[in-house]
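Asks:
Right, dumping it as structure tokens:
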């Protein structure tokens, strides 16, 4: 190697080494360039909370955190309703026997609806966390800050929303001429019943109201929509309308929850039962919220809990897992071969304790991932590989139950509380069934009966009892009659064009 090449080689080596050493020194001394870190969640303090509560503990928390809590006012437009919205365009003819007077077509009228909520600043750049239901549908968002004049407001915009956690990230598009404060994040996973907490919010427009209480329960199942729920913190700290989106704080003044909902009765608002979304859940979604979209997984099944009285009949070793109630046609589970009545006992190698645990695992899975799903079918375990698809929560709709539909050949069951009929051509047409559909249509459900408690409804069509296919009402009555008192009937039911699994314990 020539001297020139050797000299160049060592010069390059020294330059690389110098750069590496410089980077290490800069990182040790905190000299690295600062970044907005929009793809990274804020740090979380997981250290145990220790030490006594003094006469000034709550005062200091309120003093420290209140400047980072904001009041939010929103405006949205809703169509104003007139009488024709309720009675139809033929109002005059129906009530007065006269044709509706001819008028020029009227443009739909909109009315401006105002609402208020709370939020808290998580970034000096002007990012604020609040509830999805505070800003959903808003055409204008205005934010007021602590310590400023009541009429001083700043415009804001929605960056990202997540209906499943009721979380939303907004950003100030107008900034104040001073540095914004920001909250610190605690670890909601360290909270337990009996721990002290503080809520700060804007109840009834009373800005920066402080209330104190304890954690009443953790992992409380709270319904979000039909078939979906979230695990939330329950607190008796006073939460009222307007507190939505405000922080729930631990005794270090760190955010461990976002106040989301209350249970109220009549005019009494606060009843000591409030709910907050754990901050750990929302914190993990912050990178996606900042990107403007939260992506979740879906396999296309409706699931329920394993009935305690049916553990042995399912062939389970213990009461764990989730029963597949229905399978979305053409969805991931349907393509993989999962059927109504299967019990999912493990997902991606992890055992399933209950339905909520399975939902959390599926939604956290990246769409496009293929995972092994362990099921029990006909008392036998097997593994099915399912390729997870993307959840479109906004498009997910709750199917309404079919109306009361009669059928020929009425048959009454014993111990279940249902009356069944044959699927006649008229019934098939009313229920929009396929021409070759066979089964027994439920024509009546006795209130409070076993069938009613299991969720059977008029218009459901029973197509299978246990392992036996059903062609008419007589078949269904015969097979149901074979179930002993106290035993469980495993039914496959057609409901709104989809097969659903229902387990009914005979009385």
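Numbering (my numbering), first residue to last: 71 to 577. All C-beta atoms, glycine included, are put in the ideal place defined by N, C-alpha and C.
Can you tell me which of the three DSSP states residue 202 falls into?
Replies: In the chain shown, counting from the first residue as 1, residue 202 sits at position 132. DSSP places residue 202 in helix when its eight states are reduced to three.
Asks: Determine the closest residue to residue 294 out of 345, 263, 387, 267, with distance taken between C-alpha atoms.
Replies: Residue 294 sits at position 224 when you count from the first residue of the chain shown. If we check each option's Cα against that of residue 294, 345 comes out closest.
Asks: Just the C-alpha distance for residue 550 and residue 267, rounded to the nearest angstrom, thanks.
Replies: Taking the first residue of the chain shown as 1, we reach residue 550 at position 480. Taking the first residue of the chain shown as 1, we reach residue 267 at position 197. Looking at the two C-alpha atoms, the distance is approximately 53 angstroms.
Asks: Can you tell me which of the three DSSP states residue 459 falls into?
Replies: On the chain shown, position 389 is the one that residue 459 refers to. Three-state DSSP puts residue 459 in a strand.
Asks: With a threshold of 7 angstroms on Cβ separation, who are the neighbours of residue 196 within its own chain once the five nearest residues in sequence on each side are excluded?
Replies: Position 126 of the chain shown, counted from the first residue, corresponds to residue 196. Excluding residues within five positions, the ones whose Cβ falls inside 7 angstroms are 241, 242, 245, 250.
Asks: Relative to the alpha-carbon of residue 226, which residue among 516, 238, 568, 217 has its alpha-carbon at the smallest distance?
Replies: Reading the chain shown from its first residue, position 156 is the one you call residue 226. Minimum Cα distance to residue 226 is reached at 238.
Asks: Helix, strand or coil: how does DSSP classify residue 77 here?
Replies: The residue you call residue 77 lines up with position 7 of the chain shown. Note that residue 77 has pLDDT 45, beneath the 50 cutoff, so the model's placement of it is unreliable and no number is given.
Asks: Output needed for residue 542: all residues of its chain with C-beta closer than 8 angstroms, excluding positions within five of it in sequence on either side, in chain order.
Replies: Within the chain shown, numbered from 1, the residue matching residue 542 stands at position 472. These residues qualify, in order along the chain: 479, 492, 493, 508, 509, 510.
Asks: With distances taken Cα to Cα, identify the nearest neighbour of residue 208 among 290, 147, 379.
Replies: Residue 208 sits at position 138 when you count from the first residue of the chain shown. It is 147.
Asks: Does residue 286 pass the burial test, meaning 16 or more other C-beta atoms within 10 Å, or should it be called exposed?
Replies: Along the chain shown, one-based indexing puts residue 286 at 216. The residue in question, residue 286, is buried, as its Cβ has 16 or more Cβ neighbours within 10 Å.
Asks: Tell me which residue opens and which closes the beta strand (DSSP E) that residue 533 is part of.
Replies: Within the chain shown, residue 533 is the residue found at index 463, counting from 1. Looking at the DSSP string, the run of the beta strand (DSSP E) that includes residue 533 is 531-535.
Asks: Return the first residue and the last residue of the alpha helix (DSSP H) that residue 356 is part of.
Replies: On the chain shown, residue 356 is found 286 positions in, with the first residue counted as 1. Looking at the DSSP string, the run of the alpha helix (DSSP H) that includes residue 356 is 349-361.
Asks: Do residue 391 and residue 371 have their beta-carbon atoms positioned less than 9 angstroms apart in this structure?
Replies: By 1-based counting over the chain shown, the position of residue 371 is 301. By 1-based counting over the chain shown, the position of residue 391 is 321. No, Cβ-Cβ distance for residue 371 and residue 391 is not below 9 angstroms.
Asks: Starting from the C-beta of residue 210, find all residues in its chain whose C-beta is less than 6 angstroms away, skip the five residues before and the five after it, and write them out in chain order.
Replies: Walking along the chain shown from the start, residue 210 turns up at place 140. Answer for residue 210: 145, listed in chain order.
Asks: Hey, residue 328 and residue 201 are a contact pair by Cβ (cut 8 angstroms); roughly how many whole angstroms apart?
Replies: For the purposes of this step, residue 328 is identified with residue 258 of the chain shown, where counting begins at 1. For the purposes of this step, residue 201 is identified with residue 131 of the chain shown, where counting begins at 1. Indeed, because the Cβ distance is near 7 angstroms, the residues count as touching under 8 angstroms.
Asks: Determine whether the beta carbon atoms of residue 546 and residue 553 lie at a separation below 9 angstroms.
Replies: Within the chain shown, numbered from 1, the residue matching residue 546 stands at position 476. Within the chain shown, numbered from 1, the residue matching residue 553 stands at position 483. For residue 546 and residue 553, no; Cβs fall outside 9 angstroms.
Asks: Please list the terminal residues of the continuous beta strand (DSSP E) segment that includes residue 510.
Replies: Locating residue 510 in the chain shown gives position 440, counting from the first residue. Run containing residue 510: 510-515, per the beta strand (DSSP E) assignment.
Asks: Going by other Cβ atoms of all chains shown within 10 Å of its Cβ, with 16 needed for buried, is residue 143 buried or exposed?
Replies: On the chain shown, residue 143 is found 73 positions in, with the first residue counted as 1. By the 10 Å Cβ count, residue 143 comes out buried.
Asks: Quick check on DSSP: helix, strand or coil for residue 562?
Replies: Here residue 562 corresponds to residue number 492 of the chain shown, with the count starting at 1. Residue state, collapsed to three classes: strand.
Asks: Would you mind giving the Cβ-Cβ distance between residue 253 and residue 317, rounded to the nearest angstrom? I have them listed as a contact below 8 angstroms.
Replies: The count along the chain shown starts at 1 and reaches residue 253 at position 183. The count along the chain shown starts at 1 and reaches residue 317 at position 247. Right, the Cβ-Cβ distance comes to about 6 angstroms (below 8 angstroms), so this counts as a contact.
Asks: Can you give me the Cβ contacts of residue 401 inside the same chain, cut-off strictly under 6 angstroms, excluding the 5 residues immediately before and after it?
Replies: Translated into positions along the chain shown, residue 401 becomes position 331. 370, listed in sequence order.
Asks: Relative to the C-alpha of residue 555, which candidate in 380, 182, 373, 215 has its C-alpha closest?
Replies: Sequence index remark: in the chain shown, residue 555 carries index 485 (1-based). Taking only the C-alpha atoms, the option nearest residue 555 is 380.
Asks: Would you report the Cα separation of residue 488 and residue 535, rounded to the nearest angstrom?
Replies: To locate residue 488, count along the chain shown from 1; it is residue 418. To locate residue 535, count along the chain shown from 1; it is residue 465. Residue 488 and residue 535: Cα-Cα distance of roughly 14 angstroms.
Asks: Out of 277, 299, 199, state which residue places its alpha-carbon closest to the alpha-carbon of residue 215.
Replies: The residue given as residue 215 occupies position 145 in the chain shown. Per the Cα distances, 277.
Asks: Taking just the CA atoms, how far does residue 257 sit from residue 305?
Replies: Mapped onto the chain shown, residue 305 falls at position 235. Mapped onto the chain shown, residue 257 falls at position 187. For residue 305 and residue 257, the distance between alpha carbons rounds to 16 angstroms.
Asks: Taking residue 389 as the reference, give the member of 224, 421, 575, 397 with the closest Cα.
Replies: Translated into the one-based positions of the chain shown, residue 389 becomes position 319. Ranking the options by Cα distance to residue 389, first place goes to 421.
Asks: What did DSSP end up calling residue 326 once you bin it into helix, strand or coil?
Replies: Here residue 326 corresponds to residue number 256 of the chain shown, with the count starting at 1. Looking at residue 326 - three-state DSSP - the assignment turns out to be strand.
Asks: Kindly confirm or deny that the segment 520-537 and the segment 554-571 touch, where touching means at least three C-beta pairs closer than 8 angstroms.
Replies: Cβ pair count under 8 angstroms is three or more, so yes.
Asks: When you compare only the Cα positions, how much space is there between residue 416 and residue 450?
Replies: One-based indexing of the chain shown puts residue 416 at position 346. One-based indexing of the chain shown puts residue 450 at position 380. Going by the C-alpha atoms only, they are around 14 angstroms apart.
Asks: Determine the closest residue to residue 135 out of 300, 319, 302, with distance taken between C-alpha atoms.
Replies: Stepping through the chain shown from its first residue, residue 135 is reached at position 65. The candidate whose alpha carbon is nearest that of residue 135 is 319.
Asks: Do residue 274 and the ligand FAD come close, with the Cβ less than 8 angstroms from some heavy atom?
Replies: This structure lacks the ligand FAD, and indeed carries no ligand of any kind.
Asks: Under 8 angstroms by Cβ, that's how I've got residue 444 and residue 453 pegged, so tell me the actual separation to the nearest angstrom.
Replies: Start at 1 with the first residue of the chain shown, and residue 444 comes out as number 374. Start at 1 with the first residue of the chain shown, and residue 453 comes out as number 383. Indeed they touch by this definition, with Cβ atoms about 5 angstroms apart.
Asks: In the DSSP assignment, find the beta strand (DSSP E) that holds residue 571 and state where it starts and stops.
Replies: Here the question's residue 571 lines up with position 501 in the chain shown. Taken as a continuous stretch (DSSP letters only), the beta strand (DSSP E) holding residue 571 covers 568-575.
Asks: Which term fits residue 502, buried or exposed, when burial requires 16 or more other beta carbons within 10 angstroms of its beta carbon?
Replies: For this step, residue 502 is matched to residue 432 along the chain shown. Exposed, because fewer than 16 other Cβ atoms sit within 10 Å of the Cβ of residue 502.
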